[in-house]
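A.B. asks: Before we start, here is the structure in question, set down as C-alpha cells.
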Amino acid sequence: MEETAALVRRARSGDREAFAMLVRRHLRTAYAVALAELRRPADAEDAAQDACVRAMQRLGECDPERFLGWFVQIARNRARDLRRQRRDTDPIPEIGTAPRERHDLLAALEVLGETEREVLLLSDLEGWTHKEIADALGISETNSRQHAFVARKKLRERLSHE
Amino acid sequence: MNEDKIDLSALALDPARAEKLAALAIDRAWGVLRWSRIAIVGGALALAAGVLLLLRPVDSPRTDALLLGQMPTADDVMAVGR
Numbered sequence: 001m002e003e004t005a006a007l008v009r010r011a012r013s014g015d016r017e018a019f020a021m022l023v024r025r026h027l028r029t030a031y032a033v034a035l036a037e038l039r040r041p042a043d044a045e046d047a048a049q050d051a052c053v054r055a056m057q058r059l060g061e062c063d064p065e066r067f068l069g070w071f072v073q074i075a076r077n078r079a080r081d082l083r084r085q086r087r088d089t090d091p092i093p094e095i096g097t098a099p100r101e102r103h104d105l106l107a108a109l110e111v112l113g114e115t116e117r118e119v120l121l122l123s124d125l126e127g128w129t130h131k132e133i134a135d136a137l138g139i140s141e142t143n144s145r146q147h148a149f150v151a152r153k154k155l156r157e158r159l160s161h162e
Numbered sequence: 001m002n003e004d005k006i007d008l009s010a011l012a013l014d015p016a017r018a019e020k021l022a023a024l025a026i027d028r029a030w031g032v033l034r035w036s037r038i039a040i041v042g043g044a045l046a047l048a049a050g051v052l053l054l055l056r057p058v059d060s061p062r063t064d065a066l067l068l069g070q071m072p073t074a075d076d077v078m079a080v081g082r
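So the protein lines, in turn, are chains S and R. Residue 12 in the working numbering sits at position 12 of the first sequence; the count goes up by one each step and never skips. Residue 78 in the working numbering sits at position 78 of the second sequence; the count goes up by one each step and never skips.
Structural data, given as C-alpha cells:
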C-alpha cells in the first residue's frame, strides 16, 4: 500500500486519484474521532464527511509526514463545531432508531473521558496500534495503553450493569 | 497490561455507507478546489491585462485600439509613423 505521505504529496500536486485514495483511507478515522466526540452516529457521519472536505481543501498546509495527527485534529474540531451547533440535542440516539447493542455501547461511552473514547475507538474499532494512536493524538505510547486499559475496564463495568 | 479488546463492531461504519460518504466528500472537495484554481488563473490573467493596460505607450492610438479590440484607422496608422 502506498505510503500516506506519498499520497499527500501526489494529491497536493493535483492528482485526483491520490486525493480520492486519501479520503477513502481516512474517512473511517474521521468517523471514529467524531463518534468519540459526538456519540451520535448520524452526526459523526456528517462531521467525518466535512472533515475530509476541509482537510483536502487545506492539504497544502499539512506536513505530509504528520498527516494523521493533522487530520485527526481537523476531524475533532469539526465534531466540536457540530456539537456546539446541536447543543440542544440528546447525545444518545433514540432507542427506536438504533439496534440495542449499538445503543448500549453508545450509552456506555458516556462514562469515558474524551481521550479514553478516542483511544478506545481507534484501537478497538479501527484496529490501530498504540504507536499509531500515540502519533496521531500527540500522546505517548504508554499513555495510549493506559487510556485503553482504563476505558475497557470502565466500559465493561458499565455494560455489565445494563 | 491486558489488551483484551472490546467488540465495538456494532458501532462500525457500514462499508457501503462509508463509500458513499467518501464519494460525496471527494466530489465536494475536488469541486471547490477546481473552482478555486479557475479563480486563481482568472485573477492572474486579469492582473496581467491590468498591468499591460498600465504599461501601454501613452500616445499610441493603435495600441489603444487593439486593446479595445478595434481595427486601427488610417489616421491611427499615420499617427504611429509620426
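Using N, Cα and C, we set each Cβ at its ideal position, and we do this for glycine too. Just so we're clear, the structure is a prediction, and the values are computed from it rather than from any experiment.
1. Would you say L120 of chain S and A148 of chain S are within 8 Å of each other, going by their C-beta atoms?
2. Identify the contact partners of A18 of chain R in chain S, using a Cβ-Cβ distance below 7 Å as the criterion.
3. Across the segment 143-158 of chain S and the segment 101-114 of chain S, are there enough close Cβ pairs to call them in contact, namely three or more that are closer than 8 Å?
4. Determine the direct distance from the alpha carbon of T73 of chain R to that of A25 of chain R, and round the result to whole angstroms.
5. Among S:R28, S:L82, S:E132, S:D43, which residue has its Cα nearest to the Cα of S9 of chain R?
6. Under 8 Å between the Cβ atoms of A108 of chain S and V33 of chain S?
7. Please state whether DSSP places I133 of chain S in a helix, a strand or coil.
8. Roughly how many angstroms separate the alpha carbons of L11 of chain R and R17 of chain R, rounded to a whole number?
9. Say whether chain R places a C-beta atom closer than 8 Å to the C-beta of S13 of chain S.
10. Over the uninterrupted alpha helix (DSSP H) stretch that includes G50 of chain R, give me the two end residues.
11. When burial is assigned at 16 or more other CB atoms within 10 Å of the CB, is L155 of chain S buried or exposed?
12. Output the boundary residues of the alpha helix (DSSP H) element that contains V74 of chain S.
13. Could one say the Cβ of S160 of chain S lies closer than 8 Å to chain R's Cβ atoms, at least one of them?
14. Report the neighbours of I6 of chain R on chain S: residues whose CB is nearer than 8 Å to its CB, in chain order.
15. Could you work out which residue in S:L35, S:L38, S:A5, S:A48 is closest to E19 of chain R when comparing CA atoms only?
C.D. replies: Short version:
1. Result yes, Cβ atoms of L120 of chain S and A148 of chain S sit closer than 8 Å.
2. Here the neighbours are L27, R28.
3. With a cut-off of 8 Å on Cβ pairs, the segment 143-158 of chain S is in contact with the segment 101-114 of chain S, counting three or more such pairs.
4. Computed Cα separation, rounded: 56 Å.
5. Measuring from the Cα of S9 of chain R, the nearest candidate turns out to be S:R28.
6. Taking the C-beta atoms as reference points, V33 of chain S is found no nearer than 8 Å to A108 of chain S.
7. Helix at I133 of chain S.
8. Using only the alpha carbons, I get a separation of about 13 Å.
9. So, not an interface residue.
10. Here the alpha helix (DSSP H) through G50 of chain R covers 15-55.
11. By the neighbour-count rule (16 or more Cβ atoms within 10 Å), L155 of chain S is buried.
12. One point to set straight first is that residue 74 of chain S is Ile, not Val, in the sequence displayed. Its alpha helix (DSSP H) spans residues 67-85.
13. At a cut-off of 8 Å between C-beta atoms, S160 of chain S does not count as an interface residue with respect to chain R.
14. What I6 of chain R touches in chain S: L120, D124, R152, L155, R156.
15. Closest option to E19 of chain R, Cα to Cα, is S:A48.
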